[in-house]
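Going by the numbering used here, the letters in the sequence shown line up with residues 5 to 436, in that order. Have a look at the structure below, then the notes.
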Amino acid sequence: MEQQNKTAKIMTIVGARPNFMKAAPILAAIRDHNQSFTTSLGSNGATNSEFKLQSVLVHTGQHYDAAMSDQFFADLNIPKPDVHLGVGSGSHAAQTAEIMKKFEEVLLRERPDLMVVVGDVNSTVACALVAAKISFDVHGSRPMIAHVEAGLRSFDREMPEEVNRILTDHLADLLFVTEESGLKNLRHEGISDEKVHFVGNTMIDSLLTFKDKAFASNILDKLKLRKAAGGNGISAGVERYALLTLHRPSNVDHGATFLNILEGLDELSGSCPIIFPAHPRTQKKLAEFGLERFFTLENGSDPAKKTISAQADGRIRLVEPLGYLDFLCLMGNAAVVVTDSGGIQEETTCLGVPCVTVRENTERPVTVEVGTNVLAGTSKEGIRRATRKQLESKASGGVPNAWDGKSAQRILAAICREIEKKQQLYTTLKAK
Ligand code: UD1
Numbered sequence: 005m006e007q008q009n010k011t012a013k014i015m016t017i018v019g020a021r022p023n024f025m026k027a028a029p030i031l032a033a034i035r036d037h038n039q040s041f042t043t044s045l046g047s048n049g050a051t052n053s054e055f056k057l058q059s060v061l062v063h064t065g066q067h068y069d070a071a072m073s074d075q076f077f078a079d080l081n082i083p084k085p086d087v088h089l090g091v092g093s094g095s096h097a098a099q100t101a102e103i104m105k106k107f108e109e110v111l112l113r114e115r116p117d118l119m120v121v122v123g124d125v126n127s128t129v130a131c132a133l134v135a136a137k138i139s140f141d142v143h144g145s146r147p148m149i150a151h152v153e154a155g156l157r158s159f160d161r162e163m164p165e166e167v168n169r170i171l172t173d174h175l176a177d178l179l180f181v182t183e184e185s186g187l188k189n190l191r192h193e194g195i196s197d198e199k200v201h202f203v204g205n206t207m208i209d210s211l212l213t214f215k216d217k218a219f220a221s222n223i224l225d226k227l228k229l230r231k232a233a234g235g236n237g238i239s240a241g242v243e244r245y246a247l248l249t250l251h252r253p254s255n256v257d258h259g260a261t262f263l264n265i266l267e268g269l270d271e272l273s274g275s276c277p278i279i280f281p282a283h284p285r286t287q288k289k290l291a292e293f294g295l296e297r298f299f300t301l302e303n304g305s306d307p308a309k310k311t312i313s314a315q316a317d318g319r320i321r322l323v324e325p326l327g328y329l330d331f332l333c334l335m336g337n338a339a340v341v342v343t344d345s346g347g348i349q350e351e352t353t354c355l356g357v358p359c360v361t362v363r364e365n366t367e368r369p370v371t372v373e374v375g376t377n378v379l380a381g382t383s384k385e386g387i388r389r390a391t392r393k394q395l396e397s398k399a400s401g402g403v404p405n406a407w408d409g410k411s412a413q414r415i416l417a418a419i420c421r422e423i424e425k426k427q428q429l430y431t432t433l434k435a436k
């Protein structure tokens with residue numbers, strides 16, 4: 005019966021689209037831990053811990069459009085958030101400050117033992133900073149901070165995400181690393197090895213969990229990318245197409261750079277259709293810079309939004325942002341993926357699909373060393389050369405260490421061990 009008193013509260017923070025697929029496996033691992041706890045009334049097999057875990061999910065509301073948030077909750081079976089801060093868009097300072105102000109109240113009310121933040125968005129650093137300075141009692145106790153996807157570095161401080169990563173890592177008590185470069189970077193910055201755990205990649209946990217379901221999506225039919233097979237009329241086989249995503253401020257917020265990238269895709273768009281699910285930021289910018297001529301509006305693009313002119317008849321097929329399953333299906337079947345996203349470099353590596361990254365650097369070097377990624381830079385010739393090379397390449401690359409679908413289990417096991425240690429220490433302190 006004593007076991008029933010051992011409880012711990014874990015708060016997980018999500019805010020923006022790339023957080024959802026990284027947090028979902030951790031929330032599922034907590035649910036599975038509790039289920040086997042109730043059935044066995046003892047320690048859980050995966051975590052080997054006797055804690056009953058209470059999970060609190062906080063959504064900051066950094067992303068709020070249904071296509072950027074709700075659809076991901078549905079696709080990834082994420083429970084409804086317990087708390088929604090409804091923060092929305094703003095400048096970096098305004099958004100970060102608003103999250104901090106609202107989150108502090110929540111943290112003081114909920115008083116979790118540990119808080120999980122994932123990735124490198126503004127919500128990640130804002131909540132980590134609040135938790136690092138909060139004090140629940142006279143002993144100055146505060147939640148432990150666990151950072152999932154720690155240690156990645158592009159060494160480019162002009163990227164807002166790089167600033168967020170560095171700060172979050174230095175605030176965290178537990179750092180969960182996805183690839184070996186992260187271990188090296190954290191050591192180099194003087195972060196103690198004791199805090200650091202090499203666990204693999206929770207985003208790949210999600211990919212492996214949902215791959216079959218994603219491949220059954222009808223998005224290829226919707227976008228007319230299926231080939232009719234032989235004479236039997238059953239659709240089978242997929243047209244050769246490329247998939248494009250662009251949303252980094254450094255690529256889309258400057259008209260000349262954005263134009264240059266689109267011109268660099270001319271050879272590719274001449275050889276196969278390019279499907280482009282465009283981020284809201286990107287849609288606004290391409291309308292602002294008068295770049296509609298490169299695009300054609302597709303099934304799924306929302307005429308009600310009218311951000312893009314309906315007369316557009318270019319070679320790149322623009323669609324509204326897609327949900328997790330539809331996008332995974334498009335990625336898995338593409339001849340090549342061209343992107344400036346961080347996560348997509350990792351997902352294409354795991355899927356064995358050639359990837360061209362339209363950036364000068366990557367914080368995920370394992371995708372180039374082991375996986376299917378090449379860095380193209382942002383010059384026209386660089387993009388042409390890289391897409392040509394990737395379309396001709398037959399190599400499917402390899403899968404990095406520990407990207408095996410079990411990362412969230414490793415994370416939860418480490419979290420339970422740390423909470424146990426901290427609770428023992430706290431009991432000793434109070435007894436003195
Ligand atoms: C954020 C992350 C970035 C991540 C990206 C994925 C930071 C600093 N950046 O960038 O690391 O790769 O998410 O999408 O946290 N908007 C909408 N609807 C939404 C959300 C945003 O229309 O649901 C529009 C707004 O005009 C907003 C703009 O997109 O101002 C940018 O949104 P924001 O959250 O500030 O940054 P992202 O570019 O999405």
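Backbone N, C-alpha and C fix where the C-beta goes; we use that ideal spot for every residue, glycine too.
Return the first residue and the last residue of the beta strand (DSSP E) that residue 17 is part of.
11-18
So residue 58 is in the beta strand (DSSP E); what residue range does that whole segment cover?
56-63
Consult DSSP for residue 307 and reduce its assignment to one of helix, strand or coil.
Because residue 307 sits at a pLDDT of 47, beneath the cut-off of 50, its placement in the model cannot be relied upon, and the following sentence gives the value as read from the coordinates. The answer is helix: DSSP assigns residue 307 an H, G or I state.
With 16 other CB atoms within 10 Å as the buried threshold, where does residue 26 fall?
Note on residue 26: 16 or more other CB atoms within 10 angstroms of its CB, so buried under the neighbour-count rule.
Reducing DSSP to helix, strand and coil, say where residue 122 ends up.
strand
Just to confirm, are residue 13 and residue 73 a CB contact at a threshold of 9 Å?
no
Where DSSP assigns a beta bridge to residue 154, which residues make up the other side?
181
Would you kindly check if the distance between the Cβ of residue 152 and the Cβ of residue 415 is under 9 Å?
yes
So, under 8 Å CB-CB, residue 357 and residue 338 are touching, yes? Tell me the CB distance rounded to an integer number of Å.
6 Å
Under the assumption that residue 250 contacts residue 206 (Cβ atoms under 8 Å), give the Cβ distance between them as a whole number of angstroms.
Wrong, their Cβ atoms sit about 25 Å apart, outside the cutoff.
Which partner residues does residue 322 have in the DSSP bridge list?
280 and 301
Within a Cβ cutoff of 6 Å, which residues of the same chain sit near residue 107, ignoring the five residues on either side of it in sequence?
131 and 134
Could you give the residue range of the beta strand (DSSP E) that holds residue 378?
377-379
Name the DSSP beta bridge partners of residue 148, please?
118
Taking the continuous alpha helix (DSSP H) assigned at residue 174, which residues delimit it?
164-175
Taking three-plus beta-carbon pairs below 8 Å as touching, is the stretch 135-146 in contact with the stretch 91-101?
no
Using CA coordinates, which residue listed in 217, 212, 243 and 216 is at the minimum distance from residue 225?
243
If you check the beta carbons only, do residue 110 and residue 87 fall under 9 Å apart?
yes
What residue range does the beta strand (DSSP E) around residue 340 cover?
First-last of the beta strand (DSSP E) with residue 340: 340-343.
Suppose you measure from the CA of residue 301 to the CA of residue 125; what does that come to, to the nearest Å?
30 Å
Taking only runs that begin and end inside the stretch 369-404, name each unbroken beta strand (DSSP E) of 3 or more residues, in chain order.
Counting only runs of at least 3 residues, the stretch 369-404 fully encloses the following beta strand (DSSP E) elements, listed from N- to C-terminal order: 377-379.
Going by the C-beta, is residue 20 closer than 8 Å to any heavy atom of the ligand UD1?
yes
Exposed or buried, what is residue 81 when buried is set at 16 or more other beta-carbons lying within 10 Å of its beta-carbon?
exposed
Per DSSP, which residues does residue 361 bridge with? Please list them.
343 and 379
Enumerate in chain order the residues of its own chain whose CB-to-CB distance from residue 252 is below 6 Å, with the five nearest sequence positions on each side excluded.
Same-chain partners within the cutoff: 344.
I think residue 264 touches residue 393, with their Cβ atoms under 8 Å apart; what is that distance to the nearest whole Å?
In fact, because the Cβ distance is near 19 Å, the residues do not count as touching under 8 Å.
According to the Cβ coordinates, are residue 279 and residue 299 closer than 9 Å?
no
Just to confirm, is the Cβ distance from residue 157 to residue 185 under 9 Å?
yes
Can you give the Cα-Cα distance for residue 20 and residue 436, rounded to whole angstroms?
44 Å
Just to confirm the assignment: which complete beta strand (DSSP E) runs, minimum length 3, are found wholly within the stretch 206-282?
If you keep only unbroken beta strand (DSSP E) runs of at least 3 residues inside the stretch 206-282, you get 230-232, 239-242, 246-249 and 278-281.
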